[in-house]
Amino acid sequence: MAAPVSVEARLAYVLQHFRLAYDNVSAVSIGYAATQPAIEIKDGAGDFFRQDQPYPPAPNWREWQGTDVPFFFDAAPEASLIEIKPGRATINADIISAAFYLLSGWQEFYSDGRDRHGRFPYAASVQKQHGFVALPVVNYYFDVLKTAIEHVTGQAVLPRYWAEKAPFAAFISHDIDNLRSAWKAPAKAALQQRQPAKFGQLLWRHLTEADAWDNLENVAAAMAPYGAKSTFFILPAHQPGVDGTPNADYE
Numbered sequence: 001m002a003a004p005v006s007v008e009a010r011l012a013y014v015l016q017h018f019r020l021a022y023d024n025v026s027a028v029s030i031g032y033a034a035t036q037p038a039i040e041i042k043d044g045a046g047d048f049f050r051q052d053q054p055y056p057p058a059p060n061w062r063e064w065q066g067t068d069v070p071f072f073f074d075a076a077p078e079a080s081l082i083e084i085k086p087g088r089a090t091i092n093a094d095i096i097s098a099a100f101y102l103l104s105g106w107q108e109f110y111s112d113g114r115d116r117h118g119r120f121p122y123a124a125s126v127q128k129q130h131g132f133v134a135l136p137v138v139n140y141y142f143d144v145l146k147t148a149i150e151h152v153t154g155q156a157v158l159p160r161y162w163a164e165k166a167p168f169a170a171f172i173s174h175d176i177d178n179l180r181s182a183w184k185a186p187a188k189a190a191l192q193q194r195q196p197a198k199f200g201q202l203l204w205r206h207l208t209e210a211d212a213w214d215n216l217e218n219v220a221a222a223m224a225p226y227g228a229k230s231t232f233f234i235l236p237a238h239q240p241g242v243d244g245t246p247n248a249d250y251e
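Be aware that the sequence shown starts at 1, since it is given in full-length UniProt numbering, and climbs by one per residue.
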């Protein structure tokens, strides 16, 4: 059974992430109708977060800033996305519940879909189902909320930046599954094509030279001129796992 996630918990979780994305956010009440906030979010989730269903109803697509965006838990699809009055704003799609659903990985936790490694597969995701894998949906939800906050407070809400005003940062990593196997595919092809000379050449190169994939120092050197460092994830075993999953081809 699902552990119920209250309205208050969802709201706190999403607003915490919102404040990680934006700087100098003025204090303003944000919530659902029962609390009579300055920025009211229409409740569209109902009992969804008291259950263990992995997928909500299909999203309603709305245009925001020239882009079609899927809004889950859209409480009033016929109404304007934002209704503005002096000192108040109403957001008619439940962007808090929708952002919580996507940020928390709810579908990954409650879906039975798993690949051979026990991981939640992309093919089972709402991103795949509704075709928005390349769209930063939660960022658009946050932009809707930012617009409402700016109206109510009369103050600009600015995005947070990384060092030296960089708009984004990258974590560069490498999964080192194989270091010694670059030669295998062309060698197999040579055998299938009955090219023994080419096969022998590839085998000799494998026995006497470093494999093309054995290039970790080259990778690190390629990053150095940019002042960047890579994180390398090394497999700790080269024997197959108990479920037959292949591990490293190196010790």
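For each residue, glycine too, the CB sits at the ideal point set by N, CA and C.
**Asked** Which residues in the same chain have their Cβ closer than 8 Å to the Cβ of F168, if we skip the five residues on either side of it in sequence?
**Response** Excluding five sequence positions before and after F168, the CB atoms of its chain that fall closer than 8 Å to its own CB belong to W162, given in chain order.
**Asked** Does the segment 76-96 come close enough to the segment 105-112 that 3 or more CB-CB pairs lie under 8 Å?
**Response** The answer is no - the segment 76-96 does not touch the segment 105-112, with fewer than three Cβ pairs under 8 Å.
**Request:** Decide if I84 is buried, meaning its Cβ has at least 16 other Cβ atoms within 10 Å, or exposed.
**Result:** exposed
**Prompt:** Are the Cβ atoms of F199 and F18 separated by less than 8 Å?
**Reply:** no
**Message:** Can you give me the C-alpha to C-alpha distance between Q239 and H206, rounded to a whole angstrom?
**Reply:** 21 Å
**Asked** By DSSP, does S125 sit in helix, in strand, or in coil?
**Response** coil
**Message:** Using the Cβ count rule (16 or more neighbours within 10 Å means buried), how would you classify P70?
**Reply:** buried
**Prompt:** From S29 to A21, what does the alpha carbon distance come to, in whole angstroms?
**Reply:** 18 Å
**Message:** So for Q64, helix, strand or coil by DSSP?
**Reply:** One point to set straight first is that residue 64 is Trp, not Gln, in the sequence displayed. It is a strand residue.
**Item:** C-alpha distance - V138 paired with A34, whole-angstrom precision
**Value:** 24 Å
**Request:** Return yes when the Cβ of F73 is within less than 8 Å of the Cβ of S111, no when it is not.
**Result:** For S111 and F73, no; Cβs fall outside 8 Å.
**Request:** Could you say which of A248, E209, Y140 lies nearest to D175 if we only look at CA atoms?
**Result:** A248
**In DSSP terms, what I176 is bridged to** = Answer by DSSP bridge pairing, in chain order: I234.
**Simplified DSSP state of V69, which is helix, strand or coil** = strand
**Asked** Grouping DSSP H, G and I as helix and E and B as strand, with all else coil, what is A89?
**Response** strand
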